[in-house]
Structures are given as structure tokens and as C-alpha cells.
Amino acid sequence: MKRKNIPDSNIINGIAAAPGIAIAKAYIYSKEKIEVSNETITDADSAIESLMYALQRSKYELNKILSIATEKMGEKRAAIFEAQIMILDDPILLNQLTRRIEKEKKSPEYVVNDEITKYQEMMAASDELYMKERSHDIEDIKNRIIRNLQKKKLQSNIKGEVIVVTHNITPADTILLSRGNVKGYITDIGGLTSHAAIVSRSLKIPAVVGTHDATIRVQNGDLIIMDGFHGIAILNPDESELARYKDKIEKLEQFDKELLVLKDEPAITTDGREIIIRGNIDIPDEITHLIQNGGKGIGLLRTEQIFGDLTSFPNEEEQALIYFEMAEKIYPEVVVIRAFDVGGDKFLPHDIKEPNPFLGWRGIRFLLDNEEIFKTQIRAVLKASVHKNVKLMLPMVASMSEVINTKKLIQKCKDELKEEKVKFDAHLKLGIMVEIPSAAVLAREFAKEVDFLSIGTNDLIQFLLAVDRGNDIVSVHYQEFHPAVIRTISHIIKDGQKHKAFVSMCGEMAGDTLAIPLLVGMGLDSISVSSASIPYIKRIIRTLSYKSARQLAEECLQLSTLDEITEKIEHFFTENLIKSAQDIV
Amino acid sequence: MIERTVQIINNAGLHTRPAATIVKLAAKFKAEFFINKDGLSINGKSIIGVMTLAAEKGSKLSMTFDGEDEEKAAEEILNYFNRGFDEL
């Protein structure tokens with residue numbers, strides 16, 4: 001995953017964000033603004049057809065929400081969804097929309113926006129507070145229709161197999177485009193940690209990001225070879241380059257086929273130690289991939305991304321619905337739901353700009369300061385826990401008081417739900433992310449207070465070594481195998497397990513095949529990685545003996561430099577004849 | 586055409602659930618149905634329209650019904666108002 005500098009003129013260099021090789025024609029995706037344009041259209045009939053599609057799609061989404069909302073929240077509170085569905089069938093509104101599209105020859109997005117906004121203005125003009133709130137409900141339905149109109153437009157633009165070349169891409173775009181025939185992504189900006197990169201890895205779509213100028217150098221329809229292992233793209237390749245890469249693709253497919261045989265096998269060492277391998281998930285669509293890849297549950301459900309489409313924090317119903325669906329789909333395995341980790345590189349609420357957001361108001365600090373938001377999420381998680389396969393995890397915990405205060409809040413929510421006669425898992429398991437060095441130091445104390453610890457290596461390493469891995473100048477100092485890093489991880493595992501906490505890892509390090517023997521040897525109970533990595537990791541674990549891995553770990557923990565540790569690990573791989581996908585390409 | 590005036594008598598006013606019910610009732614009839622308040626005339630068969638009406642407890646609305654089944658439409662919808670949207 002390094003930048004390579006090959007001077008050839010038809011080579012585009014970037015960061016290897018998601019592995020895989022693809023050969024396809026380029027499709028330049030210039031993102032339309034979310035704001036609706038005032039463009040004139042020529043074909044009113046097809047515009048109306050798109051409108052009908054978007055209305056139907058919206059109705060389908062809302063009906064799904066309604067049925068579960070009614071069941072879980074009662075008819076009265078579900079009334080708003082019913083009214084929203086009725087709006088999609090409102091004969092007066094529909095008539096007005098189609099008439100305006102025909103007469104004014106404006107895009108359906110424009111007409112929907114303009115027309116529904118009129119009603120909202122009428123509501124907002126009222127002095128009654130509830131009318132202003134109602135105007136927000138109307139905003140929701142308006143945005144839903146517009147979103148569906150834009151999706152339709154996008155999908156119809158991508159025909160045949162393409163490599164999408166774009167300036168920047170959001171995770172939502174990634175998902176959306178993945179439903180088409182997208183073979184890969186190349187972006188101008190973005191890094192390894194961008195969520196789009198993470199989603200691409202999970203969906204097994206190769207990605208090369210941060211190329212700076214791909215959208216300028218590539219033309220629509222150019223043939224591209226992209227190599228997501230090395231972070232390069234070859235523009236309009238010659239015959240020999242094509243043949244070489246086609247051969248690589250074939251070998252990779254063969255390797256993948258061999259791996260999938262392991263799907264239903266446990267990740268168990270040759271001498272019988274099983275490591276639970278779970279998946280990290282950003283959006284519900286990834287569950288299918290996770291199951292296909294043989295993941296035993298969801299080890300990290302990042303909740304920020306699921307609601308990425310929304311401008312404000314989602315309400316309890318919306319959250320409960322999604323968590324419940326995820327828990328049902330993954331049952332009898334578990335889903336570990338991480339409370340909103342807002343702030344840092346994700347998003348800051350309400351324009352609060354901080355000079356140093358990574359060390360600022362984020363994670364559990366933000367949640368405890370915004371009790372209503374936090375309670376909404378806790379209640380939604382509890383509601384989704386009826387099948388007893390849901391766990392809650394707290395992000396960015398630094399001090400014991402944060403856990404203690406959260407537990408009080410959870411108790412409050414449980415009491416409320418009991419009062420409301422809502423069912424939930426009374427023994428909902430609670431855990432924390434260990435990603436701030438102070439939490440690592442206090443692993444023993446935390447282990448006594450919670451059920452599980454999950455090591456988040458991305459932040460832990462950054463904080464431990466005081467290095468921003470997104471900063472090109474210092475990113476070489478971000479070292480997974482730094483002796484202080486591995487000793488800290490070992491300390492967390494030992495102290496955590498001593499006090500009966502289940503210890504797992506959900507950071508990027510767990511997805512690094514090179515790190516697996518060491519992590520197994522240090523005694524980790526579970527690993528959570530992006531779905532696509534699961535078969536690779538399982539394969540390595542199944543060739544290992546716990547005994548030899550433990551010895552490797554013990555030796556590494558004695559070493560004092562990065563180079564010695566890396567060398568020892570690499571030696572371990574050659575000695576044990578472990579092969580990885582990287583070797584093929 | 587028939588014209589009628591009604592008063593909102595339930596505590597919560599014309600909130601979302603009754604708005605939806607009124608529109609559903611109106612849809613059963615051929616008669617055109619308009620609700621007038623503060624100089625604004627809203628088509629009673631449009632949910633998004635009816636939702637724009639801010640009508641708290643005690644407010645008065647005038648309604649017009651026009652069409653072959655206007656009598657029955659007026660009766661049924663008025664009844665629903667007079668029952669306090671079945672929330673009393």
C-alpha cells in the first residue's frame with residue numbers, strides 16, 4: 001500500500017486503497033451537486049417516467065419502514081410514515097407535478113423541489129411550533145423523492161462494465177455505483193482511511209485513490225487496467241500489458257476459488273485454537289458479502305455511515321429499524337454496534353470547527369455531552385436486542401468515568417423501556433474501543449467494568465506514536481510493528497483476558513495478513529475486518545500452529561526495533577510457507 | 586354546492602393522523618371538497634394540502650362540497666370532525 005513512482009506516461013499513480021485488478025473502459029463521473037439544477041429537458045415523457053419510478057421507489061422504502069415502525073412503535077407514532085406514503089399518491093400533487101414538467105420542460109427534481117417547497121413555506125409561515133416540525137417531515141419526503149430521482153439518473157448513465165474515474169467519491173456513491181457494473185474506482189483525492197476506500201475493500205471492488213489528476217488525464221471510454229494492489233492504473237495499455245494483467249486476473253480468480261472452500265470452516269489453528277473472525281460493516285448492503293465470505297457476525301457496525309444520507313441525527317425509529325434488520329439478518333451470530341463516533345475525520349455537528357478535531361469533541365465525549373442523541377441511540381440498540389445477539393460498543397473512551405456515566409444512562413433507558421412495556425435484552429453486553437493510550441494502560445480496570453474490549457489500531461497507533469498517517473510527510477512513522485505498539489496490544493489482551501473480558505481487534509492492522517500470526521500468538525480472541533479480507537485471514541490462521549505463533553509473539557515482544565520485528569515476521573512467513581494474494585500479483 | 590363550518594374540538598387539533606383520515610374519507614366521494622381557512626383554499630383530497638392547515642383546538646374551518654354525492658360527503662366528513670376525530 002505505497003505510492004510507486006513509475007515514470008511511464010500512461011501510468012497513473014495513486015494509493016492502493018482496495019485490492020484487485022480490473023480491466024474496463026473508463027467512465028468519468030462528475031458529481032452533480034445535491035442542489036437541483038434548473039436545467040431544461042427535451043423529453044417530458046421520460047422525465048415523468050423517472051418521476052413515477054422515484055415515487056414508487058420511495059413508496060417501497062417507506063412501506064418497509066412503516067410496517068416495522070407500526071409493529072415496534074405503535075400505530076400512532078407510525079402515522080407520519082403513513083402520511084408520507086399518502087403524499088406519494090396525492091392526486092392533486094401528482095397532477096401538478098406532471099403538468100409542470102410537461103409545460104415548463106424542467107427536470108423532475110426541479111419541479112418536485114419547487115412544488116413541495118411551496119407547501120413547506122406555508123407550514124413554516126405558521127406560528128405553531130408543530131407546523132414547523134411538520135415542515136421538516138415534508139422536507140424528508142421531498143429529499144427522498146429527489147434522492148431517488150438522482151439515483152435513477154446515475155444508474156441509467158452507467159451501462160456496461162466500467163471503471164469509474166471521479167474527483168472524489170462518498171461511501172453512498174460507492175454503494176450506489178456498485179449495483180451497476182462498476183469494476184473499479186479511481187479518484188483524484190482521498191486516502192486509505194476514507195470511508196469510500198473501506199467500503200470498496202468490503203465490496204471487493206478495486207480502488208486507487210489520491211491520483212491527483214486522473215479525471216484530467218483520462219477520457220470517457222479510454223481502456224484502463226487498474227491494479228488495486230499496487231495503486232496504479234495503466235491508461236490505454238498495449239497488447240503485452242493486457243495479456244500480462246489478464247493472466248494475473250485468472251490466477252487471482254483461481255486463488256479466490258480455493259479460498260471460498262474455507263467459507264464454512266472455522267478459523268482454527270492446526271493445534272486447535274479458534275479465533276472468531278467477524279466483519280466490519282458501514283452499510284447494511286455489506287452483510288451479504290460478509291455472509292458469503294464466511295464471517296461469524298459483525299464485529300464492528302459503524303453507525304455514522306448508515307445515516308450518512310441524513311443531515312441531522314436519525315430518530316429512534318429510523319435507527320431501531322436498521323439495527324433490528326441487521327440483527328435479524330446476522331442471527332444467530334452477533335452484531336456489535338458502535339455508538340456514533342462523530343467528530344475527527346468524520347463529520348462535525350452544526351459547524352463546530354475545532355483547531356484539532358482528532359483530539360477534540362468526539363466519540364464518547366460528544367455523546368455524553370449530548371445526552372438526548374446518545375439516549376436515542378441506546379434505546380434504538382436496546383429495541384433491536386430482542387434476540388439477544390446485539391452488543392453495544394463505546395468509541396474513544398479515555399477514562400473510567402465515561403463508562404460509568406454511560407452505564408447509568410443505559411440503566412435509565414432500560415427503565416424507560418420497561419415502563420413502556422417494550423421488549424429488550426436485559427443483559428445487553430457492553431464493550432469499549434481501546435484506541436486511546438490511556439484506555440490501553442487501564443485495560444484491567446476497564447475489563448472489570450465491561451464485557452469486551454475491542455482494539456482500534458488506527459487511532460491507537462496514531463495516538464501512541466503521535467503520528468498522523470494521513471499526512472504524507474510523516475506517514476512512514478505510522479508503524480504497526482513498532483515495538484511500543486505490539487507491547488501495548490499484548491498488554492491490553494493479557495490484562496483484559498485476566499479479568500474475563502473478551503478481547504478483539506477491529507482496526508486495519510487486523511486486516512494486514514502479515515500481522516495475523518503475531519496477533520494470534522498474542523492471544524487475541526477475535527478479529528474483525530472488512531469482509532473481503534476474511535477468507536485470506538482464515539486461510540493463514542488455518543495453516544498456523546498456536547504454539548509457533550505464541551513463540552513468534554514472545555520473541556517479537558522482546559525486540560526493540562521495527563526492523564527486527566518486521567524481519568522476524570517475514571522470516572516466519574517464509575519458514576511456514578504462507579502464501580498471500582500479494583505474491584501472485 | 587354545500588358550504589359548512591366546523592370547529593376543531595379535540596385537544597391535539599388537526600394533526601397528521603386526522604389529516605390523513607379526512608383525505609381518505611374525501612377520496613371515497615366524487616364531490617369536490619375544499620377547506621378554507623384564513624383566506625386559503627385547500628383541496629381536501631390532497632394530503633400535503635391538508636397538512637399545511639394549522640388548526641388547533643377551537644379554530645373554525647369552512648368547507649365546501651360540490652358534486653353529485655355532496656350531501657353524503659358533507660355528512661360523513663362533518664361527522665368525523667364532530668366526533669373530535671375519534672380522539673375524545
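Top to bottom, those sequences are chains A and B.
Heads up, the first sequence is in the numbering used here, so the first residue is 1 and it goes up one at a time.
Heads up, the second sequence is in the numbering used here, so the first residue is 586 and it goes up one at a time.
We put the beta carbon where it would ideally sit given N, CA and C, even for glycine.
This one's a predicted model, so the numbers in the text were calculated from it and none came from an experiment.
Going by beta carbons, V36/A and E109/A fall inside the 9 Å limit. Closer than 9 Å to the CB of E258/A there is not a single CB belonging to chain B. If you check each beta-carbon in the segment 620–636 of chain B against every beta-carbon of chain A, the ones closer than 8 Å belong to L625, N628, K630, S631, I632, I633, G634, M636. For S107/A, the nearest beta carbon of chain B is not closer than 9 Å to its own beta carbon. By the neighbour-count definition (other C-beta atoms within 10 Å, threshold 16), D89/A is an exposed residue. Within 10 angstroms of the beta-carbon of V165/A lie 16 or more other beta-carbons, which makes it buried. For K613/B, the closest C-alpha among the options A659/B, H600/B, G598/B, I594/B is that of A659/B. Counting C-beta pairs with one atom in each stretch, the segment 288–300 of chain A and the segment 553–569 of chain A have fewer than three that are closer than 8 Å, which means they do not touch.
Using a Cβ-Cβ cut-off of 9 Å, S126/A counts as an interface residue toward chain B, since at least one Cβ of chain B sits closer than that to its own. F618/B is bridged by DSSP to F650/B.
Contact of D90/A with chain B by beta-carbon distance below 9 Å involves V608, K630, S631, I632, I633, G634. Chain-ordered, the chain B residues with CB closer than 7 Å to the CB of E82/A read A605. In chain order, P483, I565, K568 place their CB closer than 8 Å to the CB of L559/A, counting only its own chain and leaving out the 5 sequence neighbours on each side. Taking a contact to require three or more Cβ pairs closer than 8 Å, the segment 222–239 of chain A and the segment 42–56 of chain A do not qualify as touching. Distance from the Cα of F573/A is smallest, within the candidate group I540/A, R550/A, E554/A, K547/A, for I540/A. Where R338/A is concerned, the enclosing beta strand (DSSP E) starts and stops at 335–338.
T288/A and M396/A have their alpha carbons spaced roughly 29 Å apart.
DSSP places N13/A within a strand segment (E or B) once states are collapsed to three. Between I12/A and A214/A, the C-beta spacing is below 9 Å.
Of all residues in the segment 639–657 of chain B, only A639, E641 place a beta-carbon less than 7 Å from a beta-carbon of chain A.
Put simply, the CB of I116/A is near chain B, with a gap under 9 Å to one of its CB atoms. For the segment 92–106 of chain A, the set of positions with a beta-carbon nearer than 7 Å to some beta-carbon of chain B reads I92, L93 in chain order.
Take the alpha-carbon of V381/A and the one of T406/A: they are about 14 Å apart.
Shortest Cα-Cα distance from S385/A to any of D127/A, E328/A, K408/A involves E328/A. At the C-beta level, I337/A and K391/A come within 9 Å of one another. Membership of Q592/B in the beta strand (DSSP E) is indicated by the continuous run 587–592. DSSP places R302/A in no alpha helix (DSSP H) but in the uninterrupted beta strand (DSSP E) bounded by 298–302. As DSSP reads the structure, V635/B sits in no beta bridge. Non-local beta-carbon contacts of Y29/A in its own chain, meaning distances under 6 Å to residues more than five positions away in sequence, involve V164, T166 in chain order.
Annotated as proximal: L93/A and G634/B, with beta-carbon spacing under 9 Å. Within the same chain, Cβ atoms closer than 8 Å to the Cβ of V608/B are found at G629, K630, S631, I632, V635, the five residues on either side in sequence being excluded. Contact between the segment 491–505 of chain A and the segment 244–257 of chain A is not established, with fewer than three Cβ pairs separated by less than 8 Å. Chain-order list of chain B residues neighbouring A54/A: empty, with the shortest C-beta distance near 16 Å, by a criterion of under 9 Å. Among the CB atoms of chain A, one or more fall inside 9 Å of the CB of R602/B. Judged by their CB atoms, K375/A and D425/A are not nearer to each other than the 9 Å cut-off.
The C-beta of D137/A comes closer than 9 Å to at least one C-beta of chain B.
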